[in-house]
Amino acid sequence: MGKAKVKSGPLARRPDNSAFKQQRLPAWSPMLTANTVLPFFYFMAAICMLLGVWLLLTVQSTQEMKLDYTEAGSCNLCYQKRQNASNAAQSCTCKVMFSIQKAFKGDVFFYYGLKNFHQNLRRYMDSRDDGQMVGRKRNLKNPSSYCQPFDKDQTGVPIAPCGAVANSIFNDSFTLSYHQPGSSPVRIPLLRRGITWYTDENIKFRNPKTENLTLAEVFKDTAPPLYWQKPVYELDPDNPTNNGFINEDLIIWMREAAFPNFKKLYGVLNRADEVFAKGLPAGNYTIDINYNFPVQYFRGRKEVVLTTLTWFGGQNHFLPVAYLVTSSLILLLAVVLTVIWWKFGKAGKNMQE
Amino acid sequence: MARDSEDPEMTKASKVKRQRKKKTKDNKTRTVHANILYDYSKGEENPNRHYANNKIKTTKYTVLSFLPKNLFEQFHRFANVYFVFIALLNFVPVVNAFQPELALAPVVFILSVTAIKDLWEDYRRHRSDKEINHMDCLVYSRVERRYVEKYWKEVRVGDFIRLRCNEILPADVLLLSSSDPDRLCHIETATLDGETNLKQRQVVRSFFDLDCDFDPLKYNGVIECEKPNNDLNRFRGYILHRSGRRDALYKENLLLRGCTIRNTEEAVGIVIYAGHETKAMLNNNGPRYKRSKLERQMNVDVFWCVIILLVMCLFAAVGHGLWMFQYGDKRPVFDVLSPEGTDLSPIMSAIYLFLTMIIVFQVLIPISLFVSIEIVKICQVYFIHQDMELYDEETDSHLQCRALNITEDLGQMQYIFSDKTGTLTENKMVFRRCTVAGVEYSHDANARRLAMYQEMDSEEEECTSHGGTLPRRDSVTSHQSARVVLRSQSTKSHRRTGSRAEAKRASILSKHTAFSSPMEKDITPDPQLLDKVNECSSQMDFMRFHSQPMSQLPSDLSDIIDFFIALTICNTVVVSSPNQPRHKVRMRFELKSPVKTIEDFIKRFTPSRLTSGSNNSSSSSLITNRSSNKGCSSMLSSPSAESTLTKLDEERQHGSLPHAFGPVPPYGYDRNAWNLEEGELRYEAESPDEAALVYAAKAYKCSLVGRLPDQVTVELPHLGKLSFELLHTLGFDSTRKRMSVVVRHPLTDQITVYTKGADSVIMDLIKPPDTGNSKGKRQKKIVNRTQNYLNLYAADGLRTLCIAKKILSKEQYACWLQHHLEAETAIQGREGLLFESALRLETNLQLLGATGIEDRLQDGVPETIASLRKAGLQIWVLTGDKQETAVNIAYACKLLDPEEEILTLNADSQEACALLLEESLHYIQAKFLCSSADQTAKAFHGHFAPFDIYPSSSPSSSSHAAPFMVHRLGLVIDGRTLAYALDKSLEDKFLAVARSCRSVLCCRSTPLQKSMVVKLVRNKLKVMTLAIGDGANDVSMIQVADVGVGISGQEGMQAVMASDFALPRFRYLQKLLLVHGHWCYSRLANMILYFFYKNAMFVALIFWYQFYCGFSGSAMIDQWYLIFFNLMFSAFPQLITGTLDKDVSAETLQQLPQLYVNGQNSEEYKPYMFWMNMIDAFYQSLICFFIPYFAYADSDVDLFTWGTPITTLALFTILVHLGIETKTWTWMNWLSIAFSIALFFTVALCYNASCPTCYSPSNPYWTMQRLLQDPLFYLLCVITPVAALLPRYFYRACQGTLFPSPVQVGRQLDKLPAETRRNILSLSRVKVGSPLSPKPPFLSLNKPSPKGCNKKDQRSFPSSKTSQGPVSQTDNQSRRSPLGPTDSEKGLSDIYTLVPSEIDTLPYTKDAPPLSEEPQPPSTKDSECPDKTLETSNLSLSSWITSTPLHTQTDSVQLNLPHNGDSQCVKYTRNSEERLQSDHTVHPAQRTEQVAEQSLHTTL
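From first to last, the protein sequence lines stand for chains A and B. Its first residue numbered 1, the first sequence is counted upward by one per residue in this note's numbering. Its first residue numbered 10001, the second sequence is counted upward by one per residue in this note's numbering.
What follows is the structure in C-alpha cells.
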C-alpha cells in the first residue's frame, strides 16, 4: 500500500492525508425516515399502479382454452387401455370436442399440458446426454453415464437418444378440426416447425454427421429408447428433415419443464389459410388424439391448451394483480408513513432546530 | 536467596548427569564447554553439538512441506473440513448434486487464497531470517588464532565471540572480558524490553582480575547453567575451572541476544545459548489469537445455521421419502431407477437425498464469511493504522494493531482498566517544587514554564515538532531494529524492517537519552532558593579557603546544600557525554589508597569474631557470594566498600584529613577531561524520577558530572567540582521504598548517608527531635512543616519524595559495614539480612526537605476520561502509586469528581475487609435505595441514562443476579485491602460494591493484583474489559483483558509487546474506541448479519422449490450461480460496505460518546436480530420465489429459463437490501454494486453462450440471452425486489421516525449544516457536562434522568407519563425539551453558586472537624519496629493529614477501621445542612463525602 513510498524525516510514518485513507470519501448518506422515503413510496406506488393497470388490460385481451382430455369423451377408453402397460404397443385414438365462444385473435398457440409430471426431478433431469444430442459420434455409441440406466438396452446396444428424459417423451399426437357451421370439418393447419428456440435447433441439437448416409444408417447400431415405438430417425414421418435429434417435439420435450404442471408447445396456428387468417373463429372444434401417453402411474392429467399470447407471455393474471396489490400495499404504507410523519416526523424536525 | 541454596543442587545434578551421560536431555542444566578445546572437524566429540546453533528459522514451511503442512493447518479450521467434506460428497454418484469438479471450486479457491497468503508471509519471514542469519560477528578461530568474521548462523554454543561497540549481540553470551576498566559492559536492551537506558553487565567474577586481554586459548572452564528458558531476568549457573574453583554466574554476566553493546569498546564472551534457545527468541511468542465477542456470537449463529440446514435437509429427505411412497409400487416414468436399474426404496432415497440436500444447501453455511471477515478486518486495521488522528508526531509513531482479529471488540468495551503512571500521565517527571528545611519554594516560574509547554503542545499539532521529539524517535527506531533480531511473528500488522542497514542506522541514531526532553531538563529555578544556594556555596567556598569547619554554616543553608547534594548523588544516574553519546564520561580518579583484599581487611579490621569462625576458604567464598547481591549497584559498591574500610582504617591511624580541603578539588585529575560543556552532559537514568531530580539540582548549578563505581563527582557553584567517595549504595527496592547512598563528604570528610524515599517511609525514620534544645525544636518544626507541604503536594497530584541525611561517625559506619558485609556474604537468608542491614543504616535520619515531582497528565486525559465515561465505560484505575497521589491524579484527570462521594477502603485483615465491604454495601443500599427504586421505574424505557446502562438495556447482562445501579460514587482501595477483597470469599461483595461505584481506584496494587482484578471483573460480570498500560507491570493485566492496549511510551516495549493495540498516547483511546471501535463493530456486525441473511435467503429459494420437484434436490438455480453467487456475484458490495460504511461521522461519534453504548449493548447484532434476519430472509425468498413462480406457472417455461430470473432477482434483492442497510454511499459502494451486477450478467452471458455440452448435467445454453429479450423478465425485476424489500424499508423508515436509535439521531445530526450541528452539540455538551443531569436532554433521545428523589418535584417530571408507550413518550420529550435545559441550568447555577464557596474554604490545613468526631484510631499494637518514635501528635497528623483535602465537611462518610481490627467502627456522619431535610434524599449537589481514612502504612 503505502509502503512503496520511502519517506524520510521525522514524520516518516505519518499517514497520508487522503480522503480514502482517512475515511473521508465524499458520501451520500440517506436517512431512512418518514419524510425522506415518502416521495419514493408514492412514486413507486404510482409506477406499480400504472404498470399493473396496463398489464391487466393487456391480459384481458388474451384468450385461452384448456381442455383436459385425460378421460374426456371417448378418451376414457384409451385411458383405461393405457392403464395396463402390456397394451403399450396397441394404438388408441379418441376424439374430444369443444367449442369456442369468442374468436381467438392473432397467433394461436397449441400446447399440450401435463399435470403432476415431474420433469424437474434431479435425477430425471440429469438423465440425458447433451453430447449425444449435439451429434457427437462418440456419445452416440457410448452414452454418458448420466443416462444410466437408460444408456444401453438389455443387449448392450447404446440407446439414442439415451436417458430418462428422452425415454419418457410425450407421444400423443393431435389433429385439430374446425366445424364450420354448415360445412365439413376443416383440419386446422398447425405449424410444427420453428416452434423451438433457434439455438436449440441449430446448436444444442444436431444429428450426427451423415456423410451421405441416411439417418437410419447413422443410427444403425443404436436402439431406440425403451418406451419408444419408433426409432429416433422416424419420429416425423411427414417431414424427413424433422427427424433424428433435431425433431422439434423431441427438442421441446428435452427442455425440461420447471414445474410438475406444465405445458409444451405443440404447434402454432398457421394463419396462411384464409379461414384462420385472423386466428381461430368461434365455433365447434374436435381434437383427434392419438392416445399413447399413460398418466395413471403418477396420477397425472393431460390437456390441450389453445391460447393467444401477449407481449409478456400467456394469459396469466398473476403479474398484473401482483403489481396492483403491491402498489396498493405501498400506497397503504405511504399513507401510514404520511400520518407518522405528520404526527411525529415534523415534531422531530422542529426539535432539531 | 534461593540462588545459594540451589548451587549445591546443581552440582549434584551435574554429578548425576555424568553418571548417565546418555540422558543429558533429561537434565535440568546445560553444560557448555568452549569449542576451542575441541577440534572442529570432529564434530561428534564436541559436547556442545546437541545444542541449537545460531541459525534461526522462523519460517513454518519448507518448499516440500508447504502443501501438506499448510493444508493440514487449514484443516484445523472446522469450516474448511466441512466444505471439503461437502465437495467430496459430490464425488459419490448417488448423492452428487453438482459437477464434482465444480463443487471443489469454492473450497479450492478459499484454501488457495489462504495458502498464498501464508506462503507470502512465510517468504518474508524467510527473507528476514536470511538477513539476520547473515549478519557478521567476530568468532575466535582456533586454527587462525584470532577472531575471524563469521555469519551469525555459524556461531555455535561454546564459541568465543568478540563484540565491539554498537554491535548487536548474535546470541546469549556470557561476558568474560570487557575493555571497560571496571570490567563492565553496557548494553541497551531496547529491543528486548524497550528500555532505552543502559544496563550494566559485569564480567564473570573469575575473569574480573585479568588485566591483560582475555585469551580464549587459556580458557579452560566448564559452564553449567540452566536449560534455555524465557525468563529475561534470570540466569543461574556456575563456571567450573580446571583448578576446581567454582564461580557462580548471574544474570549480570549474561548478555542477551538482540541487545546492543554500548559504551564499551570491546567485549569478549562465550556463547551459552544460541539461535532459538536464546532468551530473546524464547520470549518471542507467536501472534496472539483472540476471538472477539462478535465472533463468538457469530459462531453461535453459525451453529444455528447448521441446525437450520439439518432441519431443512431432514424436511426435504422426509418429504422425498413420502413423495416416493405415494407412488407405491407403480413407479412413474420420470422416476429414474438407480444405475443398476433397480428401484430405490423410499427410505434409501430419503437417506441419499439427505446427503444431496446438504450439498445443495451448503451455501447456508457461509463459506466465504470467514474469508470475508478476515478481509474486512485487515482493511479495518489498515484504516486504523492510517488514521492521522491516531498518529503522534512527537514520536513519529501511530497506532499499531497487533491483534488482527479483535478490532470489533473495541466497540464493545464496558470496563477500562488503566494504569496511571505513563498511561494517564506522560511519565515525564518534571520537577515542580520543593521544600527545604521547612521552607517552601513554590517555583512559580517553573509552573509557568510547564504551563507554557502545555500550550505549546496544543499548538504543535500542526507544526513539526523538534527538540523534544528526538529522544522518543530513537526509541522507536531502535524498536525497529529490535525486530531484526527479535523476529516477531506477528508481522502482518506492523512495520517490519528487516534490513541490516536499517538496524545499523537505528543503532547509530540512538544517541539520545531517555527522560531528557526539554520539558524535563529545563527547570526554571526558584530565585529565592537559587540565591540561597549561591550564598551557601559561596560561604562554603569561603570557609574552605579559610579552613573553617563546615559545621559553622548556618543550619538552614547547610540543609540546602545537603539537599541538593542529595538530589545529585542519591541516585544511580550515569553520565554520558554528548559527543559520544552512550560513552560514559570516563575519568579515572586515582584513588588515594589502593584496593586491598578483603582478607587483608578482615585481618586488620575485624578482630576476633569473624576470623575465629572462618577460615580462608570460607572467606574466599564470601568474595564470590558478595557479588550476588541484588542489582549491580550493590556490586559496584562492594569493591569501594572494601577500599573505604581500608582507608578508614588508615585514616584512623593518621588521624588527619590531609586531602579534605585544597584550592582544587581533591583527587587530582586531568582538567582537560572537563572541557566539555557541562550543560551538555547527558544523564542516563533508570527511572524518570531520578532524572528529574538530577536535572532539578542541575538547574541550581549542582550538577552531576561523573559517576564511577566508587565515586561521584558533583559540580557546585563557587566550589567547583567535588568528588564524593561513594562508599555504599543501597539500591531502591519496593519494600523499603527508599534508596540511600553512603558517601564521604569531601568538604567535611564526614561519612554521610543520603536517603531519598517515599514520604510515608522517610517520615517514620526521622530522628525524633529532641525537644529540649533549639535544634530539636527546629527539627520538629521542619518535620511538621514539611509534612504539611507534602500533603499540599500530594493534593496537587505531585509525586513526593523526602530527602534526608544522616551523619555517621566512622565507628558507627565501621560497625554497620561489618554487619553489612556479614549480611552480604551470608549464605542463608541473605536478602533478609541485607534488608535488616539497610534498616539499621536508614534510621534516625535528619529531614532535609521534600520534592514534588509532577508527573504531568497527558494531553487530553480528563477530556478522554470524561467522554469515555459518557460512553458508558466504567473506568478503573489500577496503579502502584500511593493512595494520596493516586487520588489526586484521579481528581486531576476527572476520574473522581469533587461532586462524588468517595468510599475509601483500607483494611488490614480479612475480617476488617469483609466488614468494610459489608458496611459499604449497606451504605450504598441505604443511600441509594430511593434513587435506585426511582431509576428502576424509569429503566423501562430509559436507554440512555449513562448511569443505568447495564441494568436497563442490555439483555446480555441479564444474567446478572440483580440490576446494579452505578451511582455517583468513587471507590478507593489500597493494595492490601484489595488483596483481601480479591479473596474468594469476599470477591463477590467487593464486586458488588465496586460496580455500584462510578469509578474505582486501586492504589498500591501489584501487577498480579491488577490482572486478578481484571480477571475477576471479566469473569464474574461477564463484561468486555480493556486494559491499558505502558509498563512491564501492566503486562499481566493487558494479557488477561479482552483487549489489551499498550502505550508505547517511555517505559519500554513490554506492554506493547503483550498488547493487542499499541497507542502512542492515552487520549487516542477515545478515537480508537469511540470511532474506530464503533465503526468496526457496527460494520462487522452488520456484515455478519447480512451474510447470514444473504445465504439464508438464497438457500431458501431452493428449499421452496423442493415442494415442486418432489423433494428431489434439484435446483432451479444453475450450479454455477449457486456456487459462485457468494464467492463472486454478491461478495464485493458487502466487503466495501463492511469496510467503509460509517453509520455516524467520526466527529459526531466523538462529540456524542453516548453513541458508544450501541456497541456495548451489542445493539447492532443481538441474538434476536439473527432470527429477525432469518425471518426476513425467508420472507424475501418467498417473494423472490413465488412471484416468478406464479408469473410463470402453467407456462412452458423450462427450469433454467425460470431459475435464472430468480437468481437475478435474488441478486437484485440482496443488493438493494444491502443498499438499505448501507448508511453512507461513496463512489466505491456504487461501483461495487454496479460491478456485481455487471459481473453477474457478464458471467451469465458468457457461461450461457460458451458451450452447449460442457456443463453437464445442466445445460443452460442461451438462457440468459433469451431472458434479456423477454419483457416478463424485466417486469419481474421491477416488482420482486420492491415487494421483497417493502417491509424492511418500511420498518427502517418507521424506526427512523418513531423511535430512532441514538445512532440514527447521530446521523441526523451529521446531516445538519455544520453550524447548526455545532450549536446543538455544544448545547448538549453543556448539558452533558453539567453534573446535575447525567443524561443530557439532547434531542429527542434523552429524558432527564432522575438524579435524586428530591429532584423529582423540582423537575415536575410527570411520572405518570413515563409509563406510556414510546410514541407518547417521544411526544413527551418533544414537549418537554424546552424545559430540559432550564432544569439543568437551574441545577447548574445551583452548583456553581455552591462550588466556589467551597473552593474558597478549601483548607489545606484542615484538621479539626472530622478529628473531633472520630475516635482516635487506637494505635495499640505497635509494630516490632524498634524505633517507633513518632509522637502521638505526629501520628494523628500523619494519619489525618493524608486524607484528601479536596472536600468540605458538609457530609462525610467515615468508613474507618483501626488497623488492629478489633474495634471496627463504621460511622456515617452527616453534618446536615438545611437543604438535606430527609435522610434518604440525595441532594443533587451532593458534596463529596469525606472519607477520613486511616492510612495503615503510616502507622505500621
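Yeah, the Cβ is synthetic: ideal placement off N, Cα and C, and Gly gets one too.
Cβ-based burial, residue i [other Cβ within 10 Å; buried from 16]
i: B/R10146; result: exposed
i: B/G10970; result: buried
i: B/W11262; result: buried
i: A/W197; result: buried
i: B/C10702; result: buried
i: B/D10172; result: buried
i: B/G10498; result: For B/G10498, the pLDDT reaches just 34, beneath the cut-off of 50, and the residue's location in the model is therefore unreliable, leaving the point undetermined.
i: B/R10495; result: Per-residue confidence for B/R10495 stands at a pLDDT of 32, beneath the threshold of 50, marking its modelled position as unreliable; the derived number appears in the next sentence. So B/R10495 ends up on the exposed side.
i: B/P10554; result: exposed
i: A/P143; result: buried
i: B/P11300; result: buried
Residue span of the alpha helix (DSSP H) that contains residue i, given as start and end
i: B/K9965; result: A query on residue 9965 of chain B cannot be resolved here, the shown segment of chain B reaching from 10001 to 11500 and no further.
i: B/D10301; result: 10293 to 10326
i: B/E10987; result: 10987 to 10996
i: B/E10690; result: 10688 to 10699
The beta strand (DSSP E) enclosing residue i, as first and last residue numbers
i: A/A85; result: Taken as a continuous stretch (DSSP letters only), A/A85 belongs to no beta strand (DSSP E), as it is neither H nor E.
i: A/K95; result: 93 to 100
i: B/W10876; result: 10874 to 10878
i: B/H10033; result: 10029 to 10033
i: A/G52; result: Per DSSP, A/G52 belongs to no beta strand (DSSP E); it is in the alpha helix (DSSP H), 34 to 60.
Interface partners of residue i on chain A, CB under 9 Å
i: B/H10922; result: Simply none; closest approach about 43 Å.
i: B/P11205; result: Simply none; closest approach about 11 Å.
Contact set between residue i and chain A, taken where Cβ atoms lie within less than 7 Å
i: B/A11283; result: T326
i: B/P10068; result: The contacting residues do not exist; B/P10068 stays about 32 Å from chain A at best.
Within chain B, the residues that residue i reaches when beta carbons sit closer than 9 Å
i: A/I203; result: P11252, Y11261, W11262
i: A/P15; result: H10385, Q10386, D10387, M10388, L10390, Y10391, H10398
Contact list for residue i against chain B, beta-carbon separation under 8 Å
i: A/S263; result: Looking at the sequence itself, residue 263 of chain A is Lys, so the reference to Ser does not match. Correct list: D11194, S11195, D11196.
Query raised in the report: Can you list the beta strand (DSSP E) stretches of 3 or more residues lying completely in the region 11054 to 11131 of chain B, in chain order?
Result: Runs of the beta strand (DSSP E) inside the region 11054 to 11131 of chain B: 11061 to 11063.
Query raised in the report: Are the region 11273 to 11284 of chain B and the region 11127 to 11137 of chain B touching, with three or more C-beta to C-beta distances below 8 Å?
Result: No: the two stretches stay apart, fewer than three of their Cβ pairs being nearer than 8 Å.
Requested in this report: Could you name each continuous beta strand (DSSP E) segment of 3 residues or more that falls completely within the region 113 to 198 of chain A, going from the start of the chain to the end?
Outcome: Those beta strand (DSSP E) runs which fall completely within the region 113 to 198 of chain A and span 3+ residues are 173 to 179.
Query raised in the report: How do the region 10842 to 10856 of chain B and the region 10736 to 10756 of chain B stand: do at least 3 beta-carbon pairs fall below 8 Å, yes or no?
Result: Yes, since at least three Cβ pairs between the region 10842 to 10856 of chain B and the region 10736 to 10756 of chain B fall closer than 8 Å, the two stretches touch.
Query raised in the report: With a cut-off of 8 Å, do at least 3 Cβ pairs link the region 175 to 185 of chain A to the region 227 to 243 of chain A?
Result: Counting Cβ pairs under 8 Å, fewer than three are found: no touch.
**Report entry** Minimum length 3: unbroken beta strand (DSSP E) runs contained in the region 10122 to 10209 of chain B
**Finding:** You should have 10136 to 10141, 10146 to 10151, 10160 to 10164, 10172 to 10178, 10184 to 10188, 10198 to 10202.
Query raised in the report: Is there contact between the region 181 to 200 of chain A and the region 275 to 287 of chain A, where contact requires at least three CB pairs shorter than 8 Å?
Result: Contact between the region 181 to 200 of chain A and the region 275 to 287 of chain A is established, with three or more Cβ pairs separated by less than 8 Å.
Report task. Spell out a yes or no on whether the region 11166 to 11185 of chain B and the region 11250 to 11257 of chain B are touching, meaning 3 or more CB-CB pairs, one atom from each, closer than 8 Å. Result -> The region 11166 to 11185 of chain B and the region 11250 to 11257 of chain B do not touch, with fewer than 3 CB-CB distances between them shorter than 8 Å.
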